[in-house]
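Participant: Counting in the numbering used here, the sequence shown runs from 56 upward without gaps.
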Amino acid sequence: MEMTQIFDIAIIGAGIAGASVAARLAGKHSVIVLEMEERPGYHSTGRSAAAFEPNYGPATIRALTRASRELFFDPPKGFSDAPLVLPRETVFVAPADQDEAFERLLAESQGLREIDPSEARRLHPKLRDGYAKRAVLDRGTADLDVDLIHRGFLRQIKDAGAQAICNAEVTGLKHGSHWTIATRAGTFHARTVVNASGAWASRISAHAGAAPIAIQPKRRSIAVVPAPDGEASDAWPLIGDVGETWYCKPQSGKLLVSPADAAPVDPHDAFADDMTLAEGIERFQEAMDIEVTRVEHTWGGLRSFAADGNPVCGYDAVAPRFFWLAGQGGYGIQTAPALSLLAAALIDGGGVPQSIADEGFDPAAVSPLRFG
Ligand SMILES: Cc1cc2nc3c(=O)[nH]c(=O)nc-3n(C[C@H](O)[C@H](O)[C@H](O)COP(=O)(O)OP(=O)(O)OC[C@H]3O[C@@H](n4cnc5c(N)ncnc54)[C@H](O)[C@@H]3O)c2cc1C
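(1) Give the DSSP-derived three-state secondary structure of TRP379 in the structure shown.
(2) If you follow the beta strand (DSSP E) that ILE294 is in, where does it begin and where does it stop?
(3) Which residues mark the beginning and the end of the alpha helix (DSSP H) in which LEU126 is found?
(4) I want to know whether the region 82 to 92 touches the region 60 to 67 - three or more CB-CB distances under 8 Å.
(5) Which value, in whole angstroms, describes the spacing of the CA atoms of THR59 and ALA240?
(6) Where ALA315 and TYR386 are concerned, what is the direct C-alpha to C-alpha distance, given to the nearest angstrom?
(7) If I measure Cβ to Cβ from GLU299 and keep anything under 7 Å in the same chain, skipping five residues before and after, which residues do I get?
(8) Taking a contact to mean a Cβ-Cβ separation below 8 Å, would you say LEU357 touches PRO319 in this structure?
(9) Taking only runs that begin and end inside the region 185 to 247, name each unbroken alpha helix (DSSP H) of 4 or more residues, in chain order.
(10) On the criterion of 16 or more Cβ atoms from any shown chain inside 10 Å, does VAL373 qualify as buried, or is it exposed?
(11) Looking only at DSSP bridge pairs, what is SER359 linked to?
(12) Going by beta-carbon coordinates alone, are GLU144 and ARG194 separated by less than 8 Å?
(13) Shorter than 7 Å, the distance from the beta carbon of HIS98 to the closest heavy atom of ligand 1, or not?
(14) Could you name the residues of the same chain whose beta carbon sits closer than 7 Å to that of SER420, not counting the 5 residues immediately before and after it, in chain order?
(15) State yes or no: is the C-beta of SER276 within less than 8 Å of the C-beta of THR353?
(16) Which residue spans inside the region 158 to 183 form an unbroken alpha helix (DSSP H) run of at least 4?
(17) Which one or two residues does DSSP pair with TRP354 in a beta bridge?
(18) Would you call the region 200 to 212 and the region 101 to 109 touching, i.e. three or more CB-CB distances under 8 Å?
(19) Going by Cα to Cα distance, which pick from PHE157, ASP363, SER410, LEU80 is closest to SER422?
(20) Along the alpha helix (DSSP H) that carries GLN409, what are the first and last residues, could you check?
(21) For ligand 1, is there a heavy atom less than 7 Å away from the beta-carbon of SER307?
(22) Taking 8 Å as the cut-off, decide whether the C-beta atoms of ILE259 and VAL225 are in contact.
(23) Quick check: does the Cβ of GLY357 come within less than 7 Å of any heavy atom belonging to ligand 1?
(24) Tell me which residue opens and which closes the alpha helix (DSSP H) that VAL76 is part of.
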């Protein structure tokens with residue numbers, strides 16, 4: 056296919072990042088989304104733990120998550136037929152050796168309440184007596200329906216008359232009077248390119264001759280295990296240790312258990328690491344009175360980070376009209392509404408939208424220019 060049309064904006068990647076920013080831009084500009092896989096959401100977006108936790112992550116992430124809350128809890132008309140969230144409380148527990156991390160969490164958080172370990176055991180009846188020295192409760196958290204959210208954005212793209220093309224791996228990027236984009240589905244032309252390629256973001260920037268910002272993919276593994284018989288496990292909170300060495304989230308009569316691993320890897324079609332999972336399940340069983348006799352299935356995914364842990368959102372320092380939307384780490388779903396709004400404003404040459412500025416967000420913290 057040789058498209059002679061010069062699009063205003065070509066977006067590389069149709070995960071939650073690419074889909075959400077395309078949805079914000081498609082009404083105003085001619086937009087094309089290029090995705091290498093057969094379907095959007097095949098990589099990180101389809102593999103998350105689907106949690107909304109506004110007290111998780113660095114300050115910049117927390118501000119973006121708070122600014123994203125409204126879309127999830129009160130979506131615009133027509134975005135989805137069903138609710139995007141299911142409220143679920145979160146309990147963080149700290150054994151004695153995690154006191155420092157616990158103090159930090161308390162100091163930086165909003166709306167968290169320290170509770171007595173006995174209260175934590177009332178909220179989660181399987182928490183072992185004596186494991187937690189301290190505990191906090193977050194009542195502002197929820198399960199996200201990632202598929203519905205992703206589809207909501209994809210529908211907005213379509214309704215605006217724009218297209219997401221699958222099986223269109225970008226293999227080359229060249230800038231002349233505009234960008235010429237070589238893909239496995241043919242050649243495309245666009246004035247602006249948005250790099251929303253997740254774990255592959257550094258590779259795409261190298262194709263474009265953009266600044267060599269390192270976006271490091273880190274593997275995270277999840278095991279699905281049966282919930283104990285006869286327990287109302289779906290009503291349990293998400294629970295994990297403050298030091299992030301394990302967490303457990305109920306889902307449709309099962310439990311998701313993660314070792315909260317973060318091994319640096321090259322971008323690839325990720326899978327769970329069995330040894331890491333086994334060790335994580337061990338730690339989970341030390342904390343929780345739940346015997347894991349069987350693992351039903353497992354998956355792995357990539358959480359991709361810039362060196363300072365903040366996202367990268369803004370125009371490149373070197374390559375003309377090359378826009379970064381990468382490094383969302385373990386928070387790319389819960390921040391997508393605000394980060395896409397910010398990205399669309401910056402792409403258009405505007406400033407930080409008020410709803411994001413109101414959360415005390417500092418745009419310099421996400422600028423690609425911060426790496427010099
Ligand atoms: C186990 C796990 C648990 C997580 N839990 C949570 C959570 O509870 N809450 C939360 O908010 N976040 C969570 N995350 C993080 C979240 O999943 C990611 O931050 C988010 O999905 C990133 O979205 P993305 O669109 O940038 O990446 P992706 O979904 O990976 O999308 C990038 C896309 O770019 C495409 N692409 C790459 N190279 C090319 C190319 N050359 N040409 C064309 N297309 C290309 C890929 O095929 C891919 O579809 C979790 C992640 C993992 C792995």
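Just so you know, even glycine gets a beta-carbon here, dropped at the ideal spot from N, CA and C.
Facilitator: In terms of the structure at hand:
(1) strand
(2) 293 to 296
(3) If you look at LEU126, you'll find it in the alpha helix (DSSP H) that goes 114 to 128.
(4) Contact holds between the region 82 to 92 and the region 60 to 67, because three or more Cβ pairs, one in each stretch, are under 8 Å apart.
(5) 14 Å
(6) 13 Å
(7) ALA315
(8) For the pair LEU357 and PRO319, the CB atoms are not nearer than the 8 Å cut-off.
(9) 201 to 214
(10) exposed
(11) PRO272, GLY384
(12) yes
(13) Within the cutoff, so yes.
(14) Per the sequence presented here, residue 420 reads as Ala, with Ser not at that position. Around ALA420: THR115, ASN365.
(15) yes
(16) 172 to 178
(17) ILE277
(18) yes
(19) ASP363
(20) 409 to 412
(21) no
(22) yes
(23) Checking the sequence shown, residue 357 turns out to be Leu, not Gly. Answer for LEU357: yes, Cβ within range of ligand 1.
(24) 71 to 80
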